[in-house]
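Asker: Mind looking over this structure? Questions follow.
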Amino acid sequence: MGLDFYRFSLSWSRILPTGYANVVSKDGIQYYNVLLDELEKNNIQPFVTLYHWDHPQVFQDLGGWTNEAMVDFFGDYARIVFKKLGHRIKLFATINEPYEVCRQGYYFGAFAPGLQLGRHAEYLCTHNIIKAHARAYHIYNDEFRTEQNGKIGIVLNTYFYYSKYKNDTVSNEIAFQFSFGRYANPIFSKVGDYPANVKQRIAENSHFEGLPRSRLPKFSKKWIDYIKNTFDFIGLNHYTSYLVEPTLPSNKTVYENDDGIIYSQDESWPKTSSKWLRAVPQGMLDTLRKIKEDYGNPPLYITENGVSDTGTLDDTQRIEYLYSYMKATLTAIKSYGCNVEGYIIWSLLDNFEWDRGYSEKFGLIHIDFNHPNRTRTPKKSVTWLSNVARTRKLQPVSINNV
1 MGLDFYRFSL SWSRILPTGY ANVVSKDGIQ YYNVLLDELE KNNIQPFVTL YHWDHPQVFQ
61 DLGGWTNEAM VDFFGDYARI VFKKLGHRIK LFATINEPYE VCRQGYYFGA FAPGLQLGRH
121 AEYLCTHNII KAHARAYHIY NDEFRTEQNG KIGIVLNTYF YYSKYKNDTV SNEIAFQFSF
181 GRYANPIFSK VGDYPANVKQ RIAENSHFEG LPRSRLPKFS KKWIDYIKNT FDFIGLNHYT
241 SYLVEPTLPS NKTVYENDDG IIYSQDESWP KTSSKWLRAV PQGMLDTLRK IKEDYGNPPL
301 YITENGVSDT GTLDDTQRIE YLYSYMKATL TAIKSYGCNV EGYIIWSLLD NFEWDRGYSE
361 KFGLIHIDFN HPNRTRTPKK SVTWLSNVAR TRKLQPVSIN NV
């Protein structure tokens with residue numbers, strides 16, 4: 001395919017089978033060394049995520065990301081990875097989509113660990129996972145950077161939010177800060193800490209419910225300074241956009257919806273095989289511009305962007321989607337100076353899509369899950385993308401390129 005880097009994640013339990021850093025699996029380390037050997041032979045640079053939503057069960061039994069002890073445990077794991085594999089890897093991401101880990105894992109229960117513990121748990125998760133990112137960054141920066149000379153950041157996801165009504169100039173900003181800013185602001189902003197409007201709304205709603213304090217924990221000054229500027233780059237996962245409008249508060253909705261926002265999508269936006277995903281390439285451009293404006297134009301990798309299909313090999317819609325989103329990205333770079341350094345498609349293979357199982361096919365390569373060998377077959381988009389990679393130019397969507 002002519003691609004020059006490959007993003008994959010590590011399994012904490014494969015490397016530390018008991019969870020703790022005193023037992024390191026030689027077989028687990030060797031598993032990743034074999035993969036890194038193959039990438040090196042083919043001149044493909046690895047882009048490695050330390051945590052993509054799986055951690056040892058022993059830590060989940062202690063409360064998972066609602067327990068602050070995870071900060072130390074994650075730091076121990078990160079140190080082992082840097083020590084054993086870091087000399088072979090130049091791009092590390094600490095955590096993939098912490099917003100989804102906390103929201104879907106501890107509030108809605110749709111993703112691992114599948115818990116529905118309310119907003120208290122979601123915000124405890126947020127608090128601890130941001131601390132854990134900072135801990136891993138400082139370990140790399142203080143102990144390994146001089147020798148290994150790599151880069152480390154975090155992968156955050158967001159939609160772009162457009163106000164449904166022209167006279168509403170508030171809802172889009174609230175939605176962005178609750179989803180993206182809640183994790184980005186402590187790390188990438190000049191002042192650190194959570195966004196002011198996030199802190200205010202959660203505190204007000206907590207008071208409204210009669211709670212003695214805000215459900216959102218507070219960072220101490222020491223932690224604010226420790227977390228701030230813990231990045232060499234930002235990873236962005238972006239797929240689609242949403243319309244937003246305010247909802248009227250009530251005893252029922254306040255607790256369920258601290259942001260006070262109703263989300264929908266414009267019926268005119270092109271549909272895809274995923275109900276939640278409509279093609280809105282303008283949203284990619286606007287997201288990149290927003291990050292530049294709010295956070296000082298940090299180096300940025302688009303770490304996930306893609307669309308699902310119905311299982312067909314003739315994935316023309318994927319080509320059209322990728323073309324439009326890549327074009328929007330190029331506009332962000334050339335016309336607005338956004339500091340985009342790389343672009344990664346989700347995903348190479350059809351894979352397990354969490355609560356949607358294998359029903360949504362995001363892969364460039366089809367997998368026959370009914371065949372014992374899980375036969376791989378390239379889809380039409382592979383030819384198009386190979387031309388893009390080979391020429392380093394965005395190829396038109398035409399029969400000549402597919």
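In full-length UniProt numbering, the protein residues as written are 1 to 402. All residues carry an ideal CB built from backbone N, CA and C; glycine is no exception.
(1) Which residue or residues does DSSP assign as beta-bridge partners of V34?
(2) When the Cβ atoms of the region 162–171 are set against those of the region 92–108, are three or more pairs found closer than 8 Å?
(3) Report yes if the C-beta distance between L277 and Y323 is below 8 Å; otherwise report no.
(4) Checking the sheet assignment: what are the DSSP bridge partners for P396?
(5) So who's on the other strand from residue 403, going by DSSP bridges?
(6) Do I80 and F155 count as a contact pair if the criterion is CB distance below 8 Å?
(7) Provide the residue(s) that pair with V244 in DSSP beta bridges, ordered along the chain.
(8) Please check the pair S273 and D232, which I expect to be a contact at CB under 8 Å, by giving their CB distance rounded to whole angstroms.
(9) Please identify the residue among N157, F188, V170 and N167 whose C-alpha is closest to the C-alpha of S179.
(10) Using a Cβ-Cβ distance under 8 Å, would N128 count as near chain D?
(11) Rank L39, T66, L3 and S9 by C-alpha distance to the C-alpha of D54 and give the top, closest one.
(12) Just to confirm, are T240 and I262 a CB contact at a threshold of 8 Å?
(13) Let me know if N172 comes out buried or exposed under the rule of 16 or more other beta-carbons within 10 Å of its beta-carbon.
(14) Just to confirm, does S171 get its C-beta within under 7 Å of one of the non-hydrogen atoms of the ligand GDP?
(15) Just the C-alpha distance for P281 and P186, rounded to the nearest angstrom, thanks.
(16) So, helix, strand or coil for H120, using DSSP?
(17) With contact counted as at least three CB pairs below 8 Å, one residue from each stretch, are the region 293–302 and the region 320–340 in contact?
(18) Do you know how far the Cα of K327 is from the Cα of M284?
(19) Considering just the uninterrupted stretch of the alpha helix (DSSP H) at I227, what are its terminal residues?
(20) List the endpoints of the continuous alpha helix (DSSP H) containing L85.
(21) Taking DSSP's pairing of strands, which residues face E304 in a bridge?
(22) Can you name the start and end residues of the beta strand (DSSP E) that F176 belongs to?
(23) Quick one: what does DSSP say T94 is sitting in, helix, strand or coil?
(24) Go ahead and pull the three-state DSSP assignment for R215.
(25) Quick check: the Cα distance between Y137 and A93, rounded to an integer number of angstroms?
(26) Any idea what DSSP makes of V340, helix, strand or coil?
(27) Would you report the Cα separation of G306 and R376, rounded to the nearest angstrom?
(28) Quick check on the DSSP output: the alpha helix (DSSP H) that includes T287 runs from which residue to which?
(29) Here's a check: name, in chain order, each residue in its chain whose Cβ is nearer than 6 Å to the Cβ of W269, leaving out the five neighbours to either side.
(30) Grab me the residues of R69's own chain with a C-beta within less than 7 Å of its C-beta, minus the 5 sequence neighbours each way, in chain order.
(31) Would you identify the three-state DSSP class for P186, choosing helix, strand or coil?
(32) In this structure, does DSSP put D309 in helix, strand or coil?
(33) Just how far apart, CA to CA, sit T66 and G75?
(34) CA-CA distance, Y255 and L211?
(35) With H, G and I counted as helix, E and B as strand and the rest as coil, what does DSSP make of L348?
(36) What three-state label does DSSP hand Y255 in the structure shown?
Answerer: Taking the definition as stated:
(1) BP columns for V34 are empty, so no partner.
(2) Segments in contact, no.
(3) No, the pair does not count as a contact, with Cβ atoms beyond the cut-off.
(4) According to DSSP, P396 bridges with nothing at all.
(5) Coverage of the chain is limited to positions 1 through 402, which leaves residue 403 absent and any answer about it impossible.
(6) According to the sequence as given, residue 155 is Val; it is not Phe. With contacts defined by Cβ atoms closer than 8 Å, V155 and I80 do not form a contacting pair.
(7) V244 has S163 and Y263 as its beta-bridge partners, per DSSP.
(8) Contact doesn't hold; Cβ gap of about 35 Å is too wide.
(9) Among N157, F188, V170 and N167, the Cα nearest to that of S179 belongs to N157.
(10) Of the chains in the structure shown, none is chain D; there is only one protein chain.
(11) Among L39, T66, L3 and S9, the Cα nearest to that of D54 belongs to S9.
(12) No, Cβ-Cβ distance for T240 and I262 is not below 8 Å.
(13) Label assigned to N172: buried.
(14) Because no ligand of any kind appears in the structure shown, any question about the ligand GDP cannot be addressed here.
(15) Roughly 28 Å between the two C-alpha positions.
(16) Here H120 sits in helix by DSSP.
(17) By the C-beta criterion, the region 293–302 is judged to be in contact with the region 320–340, since at least 3 inter-stretch pairs fall below 8 Å.
(18) So the two alpha carbons sit approximately 10 Å from each other.
(19) For I227, the enclosing alpha helix (DSSP H) has its first and last residue at K221 to I227.
(20) Its alpha helix (DSSP H) spans residues A69 to L85.
(21) Looking at the DSSP assignment, E304 forms a beta bridge with N237.
(22) Per DSSP, F176 lies in no beta strand (DSSP E) segment; the continuous alpha helix (DSSP H) that holds it begins and ends at S171 to F176.
(23) Strand, per DSSP.
(24) Coil.
(25) Distance between the alpha carbons of Y137 and A93: 9 Å.
(26) Looking at V340 - three-state DSSP - the assignment turns out to be strand.
(27) Looking at the two C-alpha atoms, the distance is approximately 19 Å.
(28) Looking at the DSSP string, the run of the alpha helix (DSSP H) that includes T287 is P281 to Y295.
(29) So the qualifying residues of the chain are R278 and V280.
(30) The sequence shown places Ala at residue 69, not Arg. Correct list, in chain order: L62.
(31) Reduced to three states, the DSSP call for P186 is helix.
(32) Three-state DSSP puts D309 in a strand.
(33) Those two C-alpha atoms are separated by around 16 Å.
(34) Because the pLDDT at Y255 is just 46, under 50, the model does not fix this residue reliably, and the point stays unresolved.
(35) Correct three-state label for L348: coil.
(36) Note that Y255 scores 46 on pLDDT, short of 50, meaning its location in the model is unreliable and no value can be drawn from it.
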